[in-house]
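Just below is one structure, and these are the notes that go with it.
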Amino acid sequence: MGRREDKARLTRAKLLQAAERLIVEHGYEKVTVTDLVEASGIAKGTFYNYFSRKEDLILELSKQHFASIAHQEIDLGQTATENIQQYLVNFMTVIAQAQVELARQWLRYVAVAEQQAKWQFDTRSLKRLFQQLEQAGKLTATSVNSDLADALLTQMYGLILLWCMSPTEHDLVTATQQFCMQHLEDLIAPYQLAAGSTK
Numbered sequence: 001m002g003r004r005e006d007k008a009r010l011t012r013a014k015l016l017q018a019a020e021r022l023i024v025e026h027g028y029e030k031v032t033v034t035d036l037v038e039a040s041g042i043a044k045g046t047f048y049n050y051f052s053r054k055e056d057l058i059l060e061l062s063k064q065h066f067a068s069i070a071h072q073e074i075d076l077g078q079t080a081t082e083n084i085q086q087y088l089v090n091f092m093t094v095i096a097q098a099q100v101e102l103a104r105q106w107l108r109y110v111a112v113a114e115q116q117a118k119w120q121f122d123t124r125s126l127k128r129l130f131q132q133l134e135q136a137g138k139l140t141a142t143s144v145n146s147d148l149a150d151a152l153l154t155q156m157y158g159l160i161l162l163w164c165m166s167p168t169e170h171d172l173v174t175a176t177q178q179f180c181m182q183h184l185e186d187l188i189a190p191y192q193l194a195a196g197s198t199k
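Numbering (full-length UniProt numbering) for the sequence shown: 1 to 199.
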């Protein structure tokens, strides 16, 4: 049973690696399931043991790339604003490192996916950070249930869209840092607790 599970994990990993490489090289629309299984060295029918459709790869690649920041721990020595800025910069760094073609597919997935799974994954990850900050006495409890996560991610996705449109003219991480310096404190202010305050 253990060997079977190991083989399944390896096969799934091969599919995801092939998907990312082919999407970056050729674009998502030009990549077929046949291309994926041939690049992975597996039978075509095997693909559907792991993914219901080609589109499901986009969400899984997103989860894979964002796994490290989805569980980012706060720095108790920093303010809520500093912690959130670090999260957003890390979030955008992952996207920049993934390359523009994959980022375009993440945008497309968010825009057309019926279940909004990518957007929900991103908001849950950010709200988890808010919960940590609330437990540390740095944000009010209302921050978790507010529209703050949606507002911040809307801004981030706007920056991603600009970058995807003109990748040579925009630096995603620098643009995020500038946004945070100019706007983040004001956005967080209604939810931020002063040192020594109680919730």
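C-beta: ideal position from N, C-alpha, C; glycine also.
Pull up the DSSP beta-bridge partners for residue i, would you.
{"i": "L139", "result": "Q192"}
Assuming residue i contacts residue j under a Cβ cut-off of 8 Å, what Cβ separation, rounded to an integer in Å, is found between them?
{"i": "L148", "j": "L187", "result": "7 Å"}
{"i": "I84", "j": "L184", "result": "7 Å"}
{"i": "T123", "j": "L153", "result": "6 Å"}
{"i": "A19", "j": "L61", "result": "7 Å"}
{"i": "F91", "j": "I58", "result": "No, F91 and I58 are not in contact; Cβ-Cβ is about 17 Å, not under 8 Å."}
{"i": "Q132", "j": "E73", "result": "7 Å"}
{"i": "V94", "j": "F66", "result": "6 Å"}
Rank the options by C-alpha distance to the C-alpha of residue i and give the top, closest one.
{"i": "L129", "options": "V94, V110, H71 and Q120", "result": "H71"}
{"i": "E55", "options": "K30, G41 and D75", "result": "K30"}
{"i": "Q64", "options": "W106, L193 and E73", "result": "W106"}
{"i": "A96", "options": "R108, T168 and L76", "result": "T168"}
{"i": "M156", "options": "K44, Q177 and T140", "result": "Q177"}
{"i": "A8", "options": "L36, Y109, L76 and T46", "result": "T46"}
{"i": "L159", "options": "T174, S146 and N145", "result": "T174"}
{"i": "P190", "options": "R21, R108, E5 and V144", "result": "V144"}
{"i": "S40", "options": "L10, T142 and D75", "result": "L10"}
{"i": "M181", "options": "D35, Q86, Q192 and R12", "result": "Q86"}
So for residue i, helix, strand or coil by DSSP?
{"i": "N83", "result": "helix"}
{"i": "S146", "result": "coil"}
{"i": "K199", "result": "Bear in mind that the predicted position of K199 carries a pLDDT of just 48, short of 50, making it too unreliable to give a figure here."}
{"i": "I42", "result": "coil"}
{"i": "Y28", "result": "helix"}
{"i": "Q64", "result": "helix"}
{"i": "K7", "result": "helix"}
{"i": "T168", "result": "coil"}
{"i": "N90", "result": "helix"}
{"i": "G2", "result": "helix"}
{"i": "R108", "result": "helix"}
{"i": "D186", "result": "helix"}
{"i": "I74", "result": "coil"}
{"i": "Q116", "result": "coil"}
{"i": "E55", "result": "coil"}
{"i": "Q99", "result": "coil"}
{"i": "Y157", "result": "helix"}
Hey, is the stretch 94-106 in contact with the stretch 149-168, meaning 3+ C-beta pairs nearer than 8 Å? Enough Cβ pairs lie closer than 8 Å, so yes.
When the Cβ atoms of the stretch 126-144 are set against those of the stretch 39-55, are three or more pairs found closer than 8 Å? The stretch 126-144, when compared against the stretch 39-55, does not touch it at the 8 Å Cβ threshold.
Any 3 or more C-beta pairs closer than 8 Å across the stretch 75-89 and the stretch 129-142: Counting Cβ pairs under 8 Å, three or more are found: they touch.
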